[in-house]
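Engineer:
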Amino acid sequence: MSHVRIEGLTKRFAGKPPAVAVDDLSLEIEPGEFIVLLGPSGCGKTTTLRCLAGLETPDEGAISLGDQTVLDVRGKVNLPPNKRRIGMVFQSYALWPHMTVRRNIGYPLRTRRVPREQARTRIEEAAELVDCAALLDRYPAQLSGGQQQRVALARGLAAQPDLVLFDEPLSNLDARLRDQVRAQLHELHARLGFTAVFVTHDQSEALALGDRLAIMKAGRIEQLDTPERVFEEPATEYVAGFIGMSNRLPLRRQGEGWALAGQPGADGSAGQAVAGELPVPRSHSEVAARLRPEDLQLCPAEEKPPAHGLALPAEIVDAQFGGRHMDVVVTIAGSRLHARAPLTGKPWARSLSRGQQVTAWFARDAAIYYDADGVRTAGHAPAAAVGA
Amino acid sequence: MAAPAVPAPSFTTTPPPQVPQLPTALTRARRHLPRLGALAFLGVIGYLVIAPLVGLQRLAFEDDARGYSAAFDSPDMAETLRTTAGMALGSLVIALVLGTFLAWAATRLPPRLRLLRVLPVLPIVVPAVAAVTGWAFLFSPRPGYLNAALRNLPWWNHLDEGPVDIYTLPWIVLITGFGLTAFVYLFVSAGFGNINAELIEAAQVSGSSPAGVFFRVTLPLLRPVLVYGGFVALLLGLGQFTGPLLLGRNNGVNVLTTDMYVAVSQSPVDYGRAAAIGSPLLLFGIAVVLFQKVILGDHSRFVTHGGKAFRSGGRPSWVAVTGILLYGLVALALPLGALIVVSLSAFWSGRIQPSGFTLDNFRRVFQESGITDAIANSLVTSVISVAIALPLGFIAASLLLKGRRFRIIRAAVDFIVAMPLGIPAVVFGAGFLLTYSREPFILYGTRTVIVLVYVTLMLPFATRMQLSGMVALGDTYLEASRTSGAGALRTNTEIVLPLLRPTLAGAGALMFVLLTHEFTASLLVRAPTTQVMGTILFDYWANGSYPLVAAIALVMTLVTSVGVFIAMSVAGSDIFEKL
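Line by line, the protein sequences give chains A and B.
Each residue of the first sequence is one higher than the last, beginning at 95 in the numbering used here.
Each residue of the second sequence is one higher than the last, beginning at 603 in the numbering used here.
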């Protein structure tokens, strides 16, 4: 178990101009903690992971694993990967095709000079953990994708490293297998308690696995928090957009209330007053409301939404059948928004057609409001779902 | 998120973290060890490749560049330059057209006849000296078998000789072009393989006719390959030696390479003049190598397109089948057939007399100690050279792929390793002869000098094939090993080498084939007592012992075929495409 400390990590890639992949990043990881680095491609999450592994040569910063300083650019320390007590699981599995499963799993034990008899039992234990005990004498090419990834997992864990690194290990699996291996990984971590850093661009994976999530943007950590808080209270608009609050509605203060700040549309809805008070401090005159599709409700234009709701005139662009719900695209004052209208007991939504005028509404405290810099405005009560 | 592929298993091994502030002399030395190693390697291959070239130029510039004035004041020089350029360009055009056609045809074969794809490559199996002598047996003006046959035709029946005179420039160009076709075919075939089938299908469903697809989509996509393959063929054409020497020399058809050979093989030996004659080839070769490094970038040609493999889309074409078979007949069956007939005859005349066929010539090949020694020399030197070139190529390829930290050393290795491909073997032969006939290494007449020149000539192949093998392997297997706690040495021995085994076997076998063929450089560095197969064949050719020549040529071909067979069975039938 280990305490991982990253300080001021910076990595640039040569080019014109040089690309900063990781920008002065600092992060502390508690022993046994499962940290997920989450972000879109190009945000520096994989580079950060590779710096932890020793596969990249950072330009600045220091990293320590437990009591071992593995990187200190100023002190000219940069231990090669094999001198760090780590395990790593790759996106492409990277099982060596010329070795059996047994030899693959046993490799990190051999490099660390574990005595033969002891290695034998540990290989079998590791294989047992991931349900691959029956596959030990096969070659990787004879395994399915899910089996390969489980063997890769066993290899990463076999030497009981201080830190296990995961580089998008589930993204090559199909959807069903991905859920299976994910559940298995979660269970393994709960049982063995290893320290882990897991890189992914899949928010549901991140929410399911992480003790804490680090949402990354342009080489920096935008928000570092528990999955619950990241999900319910994204600190910035960027995080909100990434974690599923895909609807963005710009609003401008108008007199005592608020008005839509979108482009003046042909329907004249822009500039139209839409609300009385919002849970936003008085100092802000322009905000953007962020909203999940589930929280945007639709009702016939003539109906009136409940009093806590904020009603908006909307026009249907498209509606797709989604089983228990309809995926509806509407425009509100020139902004395209996405609503997920439940079908249970509400057959009305099934009949939506293009061009139809409807009322869209959302509960004032279901949205989160961000100022012009994309930072969450103060004075917002945590959404009810988190619980008191 | 794909991190830029900078494999940085930084083996700047640093001191243990407990004492990071006190780098002892030992740890400091260890940190510089990789750089020193890379430098030492550069020194070795640099000496091998550059020392002979520098030695030649120094002689050429001695006494106010006497070598240059001797070479370029000669009244025949202009004619020689014209002939050289004409031969290179003529054979290039033939090879480009034929090679592209054959590569296209290979994609349009019916499934049952897919095996015919290897046919255009097979002429590589026949050593150049063997093919050239085979052609001479067919088209020599008087006793050539095909000439004799053609003279039976009514409109030629008044002739005493001809109608073809193989000893003239146009026919030498044609034969050279045939020889280069296989190389162009290899490049273009690989290019076809890299074209995503959907691009072709997209053009078809957009309404293009088959010809339209070929000229508007396929050919433009092949342009980089054609340019690259064209340059390689042009360099080979400029350095062409065997055809002009065996066919043109006695008829006043001279090119730079044969002039150079004459300058160092006939007394008075004039190294200075020889060096000067070779200079245009040297400069052009260096220019092409530089052009390729700067313009084409280093690994771009190993990048393959994703998506489906190439399917030409069109139905199997009988034009394609006929074309490939015809080419196989002309380029392979005819010269080999002539060799077989002559080798079975007591003497070479225009008439084939099956009743007089005998195996005496083969018996002599295996009885005369001069010939058996030459065969043994060829085999031994080739095997030793392959055994040396493979590790050198492995180091060079590793350095090119992972040595980004040593920018200058890496660029120098990249350039030096490519030079033997750009500069004709005859220049290297002359350089080695000069360099190793004097202090500090007097090796003339030994097998060692042959091995040295062979290793040098094979550096590009050893490096390129292993490099492309490593590129195909990718970084992840290596990174997985490093993060599993393995050092660089264990990663190489337990992961890289086992995974590269097919590549190594293929590269080894291919080099063995090329070396048992080797004629040009061998002819320059051989001594009367230290011959190889190609040179002994040439001696018998010069003596006019044609049936024996044919037998030796067939034995050479057989040895090579065995090599190719082994190569293909170990490394798969696509080994030539990895060149």
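Each residue gets a CB set at the ideal place from its N, CA and C atoms; glycine is no exception.
1) Less than 8 Å separating the beta-carbons of Gly-692 of chain B and Leu-837 of chain B?
2) Ordered along the chain, which non-local residues of its own chain (more than five positions away) have a Cβ less than 7 Å from that of Thr-659 of chain B?
3) Ala-1027 of chain B and Ala-1123 of chain B: beta carbons closer than 8 Å?
4) If you reduce the DSSP assignment to three classes, tell me which class Gly-908 of chain B lands in.
5) Is it true that the segment 190–201 of chain A meets the segment 174–181 of chain A, where meeting means three or more beta-carbon pairs spaced less than 8 Å apart?
6) Using 10 angstroms around the beta-carbon of Gly-313 of chain A, count the other beta-carbons present and answer buried if the total reaches 16, otherwise exposed.
7) Spell out a yes or no on whether the segment 950–967 of chain B and the segment 734–747 of chain B are touching, meaning 3 or more CB-CB pairs, one atom from each, closer than 8 Å.
8) Pull up the CB-CB distance for Leu-1156 of chain B and Ser-945 of chain B, whole angstroms please, since I reckon it's below 8 Å.
9) Expressed to the nearest angstrom, what Euclidean distance is found between the alpha-carbon atoms of Leu-1102 of chain B and Gly-1071 of chain B?
10) Ordered along the chain, which non-local residues of its own chain (more than five positions away) have a Cβ less than 7 Å from that of Tyr-332 of chain A?
11) Please confirm whether Arg-1092 of chain B has its beta-carbon closer than 8 Å to some beta-carbon of chain A.
12) At the level of alpha carbons, what is the spacing between Ala-911 of chain B and Val-921 of chain B?
13) If we cut at 8 Å on Cβ distances, does His-378 of chain A have a partner in chain E?
14) Nearest to Glu-397 of chain A by alpha carbon, out of A:Leu-343, A:Thr-453 and A:Arg-376?
15) Mind checking who Cys-393 of chain A pairs with in its DSSP beta bridge?
16) Kindly confirm or deny that the segment 1082–1091 of chain B and the segment 1002–1022 of chain B touch, where touching means at least three C-beta pairs closer than 8 Å.
17) Please list the partners that Leu-1101 of chain B has in chain A, where partner means a Cβ-to-Cβ separation under 8 Å.
18) Can Ile-1052 of chain B and Val-1134 of chain B be called in contact, C-beta distance under 8 Å?
19) Considering only their Cβ atoms, is the gap separating Thr-141 of chain A from Ala-115 of chain A smaller than 8 Å?
20) Phe-325 of chain A and Ile-309 of chain A: beta carbons closer than 8 Å?
21) Quick check: is the beta carbon of Arg-714 of chain B nearer than 8 Å to any beta carbon in chain A?
22) Tell me which residues share the same chain as Pro-1062 of chain B and place their Cβ nearer than 7 Å to its Cβ, disregarding the 5 neighbours each side in the sequence.
23) Should Ala-360 of chain A be flagged as near chain B, meaning a C-beta pair shorter than 8 Å?
24) Leaving out five residues on either side along the sequence, give the residues of the same chain with a beta carbon under 8 Å from the beta carbon of His-907 of chain B.
25) How about Ser-1000 of chain B: is its C-beta nearer than 8 Å to some C-beta of chain A?
26) Under 8 Å between the Cβ atoms of Leu-1036 of chain B and Gly-657 of chain B?
27) Considering only their Cβ atoms, is the gap separating Ser-947 of chain B from Phe-959 of chain B smaller than 8 Å?
28) For Arg-106 of chain A, which residues of its own chain have a beta-carbon under 6 Å away from its beta-carbon, when the five flanking residues on both sides are left out?
29) Just to check, is the beta-carbon of His-97 of chain A closer than 7 Å to a non-hydrogen atom of the ligand ZN?
30) Anything in chain A within Cβ reach of Thr-1078 of chain B, meaning under 7 Å, just list it in chain order.
31) Per DSSP, what are the beta-bridge partners of Thr-425 of chain A in this structure?
32) Count the other C-beta atoms from every protein chain shown that fall within 10 angstroms of the C-beta of Thr-320 of chain A, then say buried if there are 16 or more, exposed otherwise.
33) Work out the CA separation of Pro-407 of chain A and Asp-465 of chain A for me, nearest whole Å.
34) Inspect the CB distances between the segment 762–772 of chain B and the segment 730–744 of chain B and report whether three or more fall short of 8 Å.
35) Please name the residues in the segment 793–818 of chain B whose beta-carbon is closer than 7 Å to at least one beta-carbon of chain A, in chain order.
36) Rounded to whole angstroms, what is the Cα-Cα separation between Ile-969 of chain B and Arg-196 of chain A?
Structural biologist: Checking against the coordinates, here is how it stands:
1) Residue numbering aside, residue 692 of chain B sits at position 90 when the second sequence is read from its first letter. Residue numbering aside, residue 837 of chain B sits at position 235 when the second sequence is read from its first letter. No, the Cβ-Cβ distance between Gly-692 of chain B and Leu-837 of chain B is not below 8 Å.
2) Numbered from its first residue, the second sequence carries residue 659 of chain B at position 57. The sequence given here places Gln at residue 659 of chain B; Thr does not occur at that position. The answer, listed in chain order, is Ala-877.
3) Taking the second sequence and counting its residues from 1, the one referred to as residue 1027 of chain B is at position 425. Taking the second sequence and counting its residues from 1, the one referred to as residue 1123 of chain B is at position 521. Their beta carbons are under 8 Å apart, which means Ala-1027 of chain B touches Ala-1123 of chain B by this criterion.
4) One-based indexing of the second sequence puts residue 908 of chain B at position 306. Its pLDDT being 41, under 50, Gly-908 of chain B is placed unreliably in this model, and the coordinates cannot settle the point.
5) no
6) Position 219 of the first sequence, counted from the start, is the residue given in the question as residue 313 of chain A. Buried, because 16 or more other Cβ atoms sit within 10 Å of the Cβ of Gly-313 of chain A.
7) yes
8) For the purposes of this step, residue 1156 of chain B is taken as residue 554 along the second sequence, with counting starting at 1. For the purposes of this step, residue 945 of chain B is taken as residue 343 along the second sequence, with counting starting at 1. Indeed they touch by this definition, with Cβ atoms about 6 Å apart.
9) Taking the first residue of the second sequence as position 1, residue 1102 of chain B is located at position 500. Taking the first residue of the second sequence as position 1, residue 1071 of chain B is located at position 469. Straight-line Cα distance between these residues: approximately 7 Å.
10) As a first step, residue 332 of chain A is located in the first sequence; it is residue number 238 there, counting from the start. Once the five neighbours on either side are set aside, the close Cβ partners of Tyr-332 of chain A are Lys-311, Glu-316 and Gly-468.
11) Along the second sequence, read from residue 1 onward, the residue named residue 1092 of chain B stands at position 490. Yes, Arg-1092 of chain B lies at the interface with chain A (some Cβ there is under 8 Å from its Cβ).
12) Numbered from its first residue, the second sequence carries residue 911 of chain B at position 309. Numbered from its first residue, the second sequence carries residue 921 of chain B at position 319. At Ala-911 of chain B, the pLDDT of 47 sits below 50, so the modelled position is not reliable and the matter cannot be decided from this model.
13) In the structure shown, chain E does not exist; the protein chains are A and B.
14) Your numbering for residue 397 of chain A matches position 303 in the first sequence. Per the Cα distances, A:Thr-453.
15) Counted from its first residue, the first sequence places residue 393 of chain A at position 299. DSSP, once it has assigned bridges, lists A:Thr-453 as partnering Cys-393 of chain A.
16) no
17) Translated into positions along the second sequence, residue 1101 of chain B becomes position 499. Chain A residues near Leu-1101 of chain B: Trp-190, Pro-191 and His-192.
18) The residue you call residue 1052 of chain B lines up with position 450 of the second sequence. The residue you call residue 1134 of chain B lines up with position 532 of the second sequence. In this structure, Val-1134 of chain B lies closer than 8 Å to Ile-1052 of chain B by Cβ.
19) What you label residue 115 of chain A is simply residue 21 of the first sequence in a count that begins at 1. What you label residue 141 of chain A is simply residue 47 of the first sequence in a count that begins at 1. Cβ distance < 8 Å, so Ala-115 of chain A and Thr-141 of chain A count as in contact.
20) Mapped onto the first sequence, residue 325 of chain A falls at position 231. Mapped onto the first sequence, residue 309 of chain A falls at position 215. No.
21) Residue mapping note: residue 714 of chain B aligns to position 112 of the second sequence, counting from 1. Answer no: the Cβ-Cβ gap between Arg-714 of chain B and chain A never drops below 8 Å.
22) By one-based count along the second sequence, residue 1062 of chain B stands at place 460. These residues qualify, in order along the chain: Val-1019, Ala-1020, Pro-1022 and Leu-1023.
23) As a first step, residue 360 of chain A must be located in the first sequence, where it is residue number 266. Model confidence at Ala-360 of chain A stands at a pLDDT of 48, short of 50, so the residue's coordinates are unreliable; what they give is reported in the following sentence. So no, Ala-360 of chain A is outside the interface.
24) Within the second sequence, numbered from 1, the residue matching residue 907 of chain B stands at position 305. In this prediction, His-907 of chain B scores a pLDDT of 40, lower than 50, which makes its location untrustworthy; the coordinate-derived value is nonetheless stated afterwards. Asn-796, Ile-797 and Asn-798.
25) Looking up residue 1000 of chain B in the second sequence gives position 398. No, no contact with chain A.
26) Taking the first residue of the second sequence as 1, we reach residue 1036 of chain B at position 434. Taking the first residue of the second sequence as 1, we reach residue 657 of chain B at position 55. Going by C-beta atoms, Leu-1036 of chain B is nearer than 8 Å to Gly-657 of chain B.
27) Counting from one through the second sequence, the residue named residue 959 of chain B turns up at place 357. Counting from one through the second sequence, the residue named residue 947 of chain B turns up at place 345. The answer is yes: Cβ separation under 8 Å.
28) In the first sequence, counting from the first residue as 1, residue 106 of chain A sits at position 12. Hits under 6 Å: Pro-112, Val-114 and Asp-153.
29) The ligand ZN is not part of this structure, which contains no ligands at all.
30) Here residue 1078 of chain B corresponds to residue number 476 of the second sequence, with the count starting at 1. Phe-184, Ser-186 and Ala-188, listed in chain order.
31) For this step, residue 425 of chain A is matched to residue 331 along the first sequence. DSSP, once it has assigned bridges, lists A:Glu-409 and A:Arg-430 as partnering Thr-425 of chain A.
32) For the purposes of this step, residue 320 of chain A is taken as the residue at position 226 of the first sequence. The residue is exposed, with fewer than 16 neighbouring Cβ atoms inside 10 Å.
33) Counted from its first residue, the first sequence places residue 465 of chain A at position 371. Counted from its first residue, the first sequence places residue 407 of chain A at position 313. Those two C-alpha atoms are separated by around 24 Å.
34) yes
35) none
36) Here the question's residue 969 of chain B lines up with position 367 in the second sequence. Here the question's residue 196 of chain A lines up with position 102 in the first sequence. A quick correction: the sequence has Gln, not Ile, at residue 969 of chain B. Those two C-alpha atoms are separated by around 56 Å.
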